[in-house]
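Report on the following structure.
Residue numbers (the numbering used here), protein chains in the order written: chain C, 8 to 353; chain G, 747 to 985.
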């Protein structure tokens, strides 16, 4: 591993930020309503100078009230899933770990649905009931990863084939429960089955939700980042890391809670978007190496780029209709998963 | 059973079990009427079928007479809002909209298109239409919708132009006519201003000193209350 310099870290992140900016501009430009780059730039300057009142045309409103929030959502969902995937891969020492493949996303979706079903009976204040869905999603994610972890252990060691198999079975079991709930519960506010099982970013949220997502993402990712050097040592094995002075149970707990939280966060607003946590960390490892001090921030930026780009395709490929962004990521992700699996077995 | 949701194999399986079946796949309100009639024939009650079909046709013709000349309202029929699912132009629901004096802004040949909210904002429907089996529980959900930035840019949301109608519109069965009447009343209230009230005035003007004024008024009031009971009855049937 090359010694890390701050300059290299900044350079790598800067390149990715530039790519993210370009992708965001592309995403802002394309959609059901055509917008010229000039109008986009003019409105962008007005937003920067706080003259939002001058953006009055319908097209401007479409860009700022529908397209931009959706891009913001894609950024946070992509970054969260990618950081969660990177963390699960380090924690389970399995490069094929991903919130979707391991069933964690389905667990989070089930938790969120249960929260939405019970919410009307709890008579909470609006602020608290808004937090109930992400809380349910987090608990669902945490319980699922604990169950999959237990399933994947054989004679005290994690067996990667058993782990993946356990995850896939858990995912299909939980999806079946979601399908069952969706077919029996008639309550109007649980969102559609297509939302939870395929994942999509078309839902409009109130402004406070974006703040909650952003702060939650920064706190959880920050917590994982404090263990970055420990995660590097964990790659050598749990025993070896312990001999080198890593407090393995503490690192495991921090990463386990934070990664479950990130998955819950993403799933509660977008459903189960698959394979982002698998593809992006792999690409970033190929490009920038597997030092978690660079891998975590580059994976976050890469995840944002991937999901915003995938969602732009989802919005425009069959316009004026929408595709589920989960369908786009799965079309790219599933074959890549098989390729990585075969390369590992070879 | 409907052909669009069931497979031919199911019909064959039912046949081998000795259970006779009737499959239909109506795409328009006219096809619903003829399929209801055919179903009655199959069930051995052709008179009832004729009666139902005649009643449906009469009520639709009456509706056409009332609102046919009015410009149709442009609506978005929302099956779901998260994600936003609407109806395609070749569905019987879209045809039911047309019968009720409305036209769906979604021009898709898919049956259940997943519509982009941007496209809805570009087309700006006059009304959002929701179908539900329990109309009381919907308004809070609509209030929540109105607080979302994405939906706020729809004129229909800003002006609270929502229509909540009976979910009988989702079933290709005779009750759909009640749903169509229900929707037409909400979209074109001006066409349903009780004519007896209007004609009553005319009658009174025409015959201000008529000795039969009272009786004619009495007759008209009875008539309009009869219409009321009828429509209420239809409404109850629809639920």
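No residue lacks a Cβ here, since even glycine has one placed at the ideal position from N, Cα and C. Predicted, not measured: the structure shown is a model, and the values here were computed from it.
Asked, Found
"Within 8 Å, strictly: CB atoms of residue 839(G) and residue 930(G)", "no"
"Cβ shell of residue 83(C) (< 6 Å), same chain only, five flanking positions each side left out", "220, 224"
"Contacting positions in the segment 157-181 of chain C - beta carbon closer than 9 Å to chain G", "none"
"Beta-carbon neighbours of residue 326(C), restricted to chain G and to distances below 8 Å", "862, 865"
"Partners in chain B for residue 854(G), counting only beta-carbon separations shorter than 7 Å", "Here the protein chains are C and G, and chain B is not one of them."
"Length of the line joining the Cα atoms of residue 904(G) and residue 122(C)", "30 Å"
"Proximal chain G residues relative to residue 213(C), where beta-carbon distance stays under 8 Å", "893, 894, 895"
"C-alpha gap between residue 120(C) and residue 902(G), whole angstroms", "29 Å"
"Alpha-carbon spacing of residue 154(C) relative to residue 337(C), whole angstroms", "24 Å"
"Meets three-Cβ-pair contact criterion under 8 Å: the segment 241-251 of chain C and the segment 93-102 of chain C", "yes"
"Heavy atom of the ligand ZN within 7 Å of residue 819(G) beta-carbon", "For the ligand ZN, the structure offers nothing, since it holds no ligand at all."
"Exposure label - residue 74(C); buried when at least 16 CB within 10 Å", "buried"
"Residue 822(G): first and last residue of the uninterrupted beta strand (DSSP E) it sits in", "819-824"
"Sequence-distant residues of the same chain with beta carbon closer than 7 Å to residue 794(G), five excluded per side", "786"
"Close-in-space but distant-in-sequence residues of the same chain around residue 908(G) (CB under 6 Å, 5 per side omitted)", "874, 888"
"Chain C contact for residue 868(G) (CB, 8 Å cutoff)", "yes"
"is_contact[residue 899(G), chain C] using C-beta, thresh 8 Å", "yes"
"Through-space distance from residue 14(C) to residue 354(C), alpha-carbon basis", "Residue 354(C) is absent from the model: chain C starts at 8 and stops at 353."
"Distance CB(residue 270(C))-CB(residue 91(C)) smaller than 8 Å", "yes"
"Residue 921(G) burial status per 10 Å Cβ neighbour count (16 or more: buried)", "buried"
"Test: residue 816(G) CB closer than 8 Å to a CB of chain C", "no"
"Amino acids of chain C, ordered along the chain, whose beta-carbon sits closer than 8 Å to that of residue 830(G)", "209, 329"
"Pairwise C-alpha distance: residue 180(C) and residue 876(G)", "33 Å"
"8 Å Cβ cutoff, residue 859(G) in contact with chain C", "yes"
"8 Å CB neighbourhood of residue 165(C) in its chain, flanking five on each side removed", "99, 100, 101, 156, 159"
"Neighbour flag for residue 101(C) against chain G, beta carbons, 8 Å", "no"
"Alpha-carbon spacing of residue 212(C) relative to residue 893(G), whole angstroms", "9 Å"
"Chain G contacts made by the segment 23-49 of chain C, where a contact means CB separation under 8 Å", "38, 39, 40"
"Close Cβ partners of residue 1059(G) (< 6 Å) along its chain, the five nearest in sequence each way excluded", "It is not possible to answer for residue 1059(G), since the shown part of chain G is limited to 747 through 985."
"Straight-line gap, residue 811(G) to residue 923(G) (C-alpha atoms, nearest Å)", "15 Å"
"Close-in-space but distant-in-sequence residues of the same chain around residue 46(C) (CB under 8 Å, 5 per side omitted)", "66, 67"
"Test: residue 95(C) CB closer than 8 Å to a CB of chain G", "no"
"CB contact flag (residue 900(G), residue 867(G), <8 Å)", "yes"
"Proximity winner among 19(C), 12(C), 10(C), relative to residue 291(C) (alpha-carbon distances)", "19(C)"
"Where residue 850(G) falls: helix, strand or coil (DSSP)", "strand"
"Neighbour-count burial assignment, residue 958(G), 16 or more Cβ in a 10 Å radius", "Residue placement at residue 958(G) is poorly supported in this model, since its pLDDT is 40, which falls under 50; the coordinates are not used for a value here."
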